[in-house]
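In this note's numbering, the protein residues as written are 666 to 923. Ideal placement from N, C-alpha and C gives every residue a C-beta, glycine not left out.
Given below as structure tokens:
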């Protein structure tokens, strides 16, 4: 069921958005060559412990698309891993493409956001290009998330940006409703038909999350951890995400990082 939030409920969601945004901003600034993925996970764990009213949305989360409960505080996907990456004992190398996806509840309200970046001094231009594509697709989708437009309009512009760059599109995983729970209705795929679908109304809160792989739309679940989704052909991917609220005055980015 699609839930519509009141103005006061959207106001109550802002602390979670600011908290998630602040953590991701700090992680992007401090993650470098040699940073261990488990260090990133522990950093987030401590932030949650130190914040009154904060709870992880990931620890003990056990949906049907994972194998058993997730046991960490953030998703860390590196290179050919693009979604649901489980932190493990790996120290980042020069040129690694890192995607960090974080969802936290603060006082019962959830915010969800993701960023991708390259560590070190020798980024592959193709890595920077696919990151830019996800960021442009996200920005275009947010601009389109106006009251009165259709959900298909939002999805369609994401797909249009990907096609402009020449990247294939996977529709299995995408954005979603956000509120008291991390994953709610509606599903927000990364492509769709303009002028079709749910009519956007003030009070709708959704996570929009374009993610693309360079040369395939096929993914598989890493059998080692039962969660991490990797490209079928080993190509790298990127992922960008914000939680936004539809308002009478346009889209409000709850996880804005500036």
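Sequence-distant residues of its chain with Cβ nearer than 6 Å to residue i (five each side left out)
| i | result |
| --- | --- |
| residue 700 | 757 |
| residue 720 | 770 |
| residue 819 | 806, 809 and 810 |
| residue 824 | 834 and 856 |
| residue 912 | 867 |
Nonlocal neighbours in the same chain, by C-beta distance under 7 Å from residue i, ignoring five residues either side
| i | result |
| --- | --- |
| residue 732 | 891 and 892 |
| residue 712 | 688 |
| residue 817 | 857, 858, 859, 860, 861 and 862 |
| residue 744 | 761, 762 and 901 |
Residues sharing a beta bridge with residue i, DSSP
| i | result |
| --- | --- |
| residue 815 | 864 |
| residue 740 | 766 |
| residue 782 | 763 |
| residue 870 | 910 |
| residue 776 | 769 |
| residue 903 | 877 |
| residue 850 | 667 |
| residue 748 | 894 |
| residue 719 | 771 |
| residue 885 | 895 |
| residue 917 | 910 |
| residue 841 | 872 |
| residue 756 | 701 |
Through-space distance from residue j to residue i, alpha-carbon basis
| i | j | result |
| --- | --- | --- |
| residue 679 | residue 706 | 23 Å |
| residue 832 | residue 900 | 11 Å |
| residue 910 | residue 894 | 28 Å |
| residue 668 | residue 786 | 45 Å |
| residue 681 | residue 782 | 23 Å |
| residue 867 | residue 812 | 6 Å |
| residue 716 | residue 767 | 15 Å |
| residue 919 | residue 852 | 19 Å |
| residue 734 | residue 888 | 15 Å |
| residue 708 | residue 839 | 26 Å |
| residue 740 | residue 749 | 5 Å |
| residue 822 | residue 834 | 12 Å |
| residue 723 | residue 677 | 21 Å |
| residue 684 | residue 747 | 23 Å |
| residue 738 | residue 694 | 19 Å |
| residue 755 | residue 742 | 11 Å |
| residue 675 | residue 686 | 16 Å |
| residue 714 | residue 829 | 43 Å |
| residue 759 | residue 702 | 14 Å |
| residue 670 | residue 844 | 8 Å |
| residue 698 | residue 788 | 12 Å |
| residue 814 | residue 864 | 6 Å |
| residue 793 | residue 772 | 36 Å |
Where residue i falls, given that 16 or more other Cβ within 10 Å makes a residue buried
| i | result |
| --- | --- |
| residue 906 | buried |
| residue 861 | exposed |
| residue 836 | exposed |
| residue 842 | buried |
| residue 730 | exposed |
| residue 914 | exposed |
| residue 855 | buried |
| residue 763 | buried |
| residue 673 | exposed |
| residue 903 | buried |
| residue 727 | exposed |
| residue 885 | exposed |
Presumed contact (8 Å Cβ cut-off) between residue i and residue j, rounded CB distance
| i | j | result |
| --- | --- | --- |
| residue 803 | residue 871 | Rounded, the Cβ-Cβ distance is 12 Å, inconsistent with contact. |
| residue 776 | residue 769 | 6 Å |
| residue 784 | residue 696 | 6 Å |
| residue 882 | residue 666 | Their Cβ separation, rounded to whole angstroms, is 29 Å, which puts residue 882 and residue 666 out of contact at 8 Å. |
Contacting residues, own chain, Cβ-Cβ under 8 Å from residue i (five flanking each side not counted)
| i | result |
| --- | --- |
| residue 796 | 762, 781, 782, 783, 903 and 905 |
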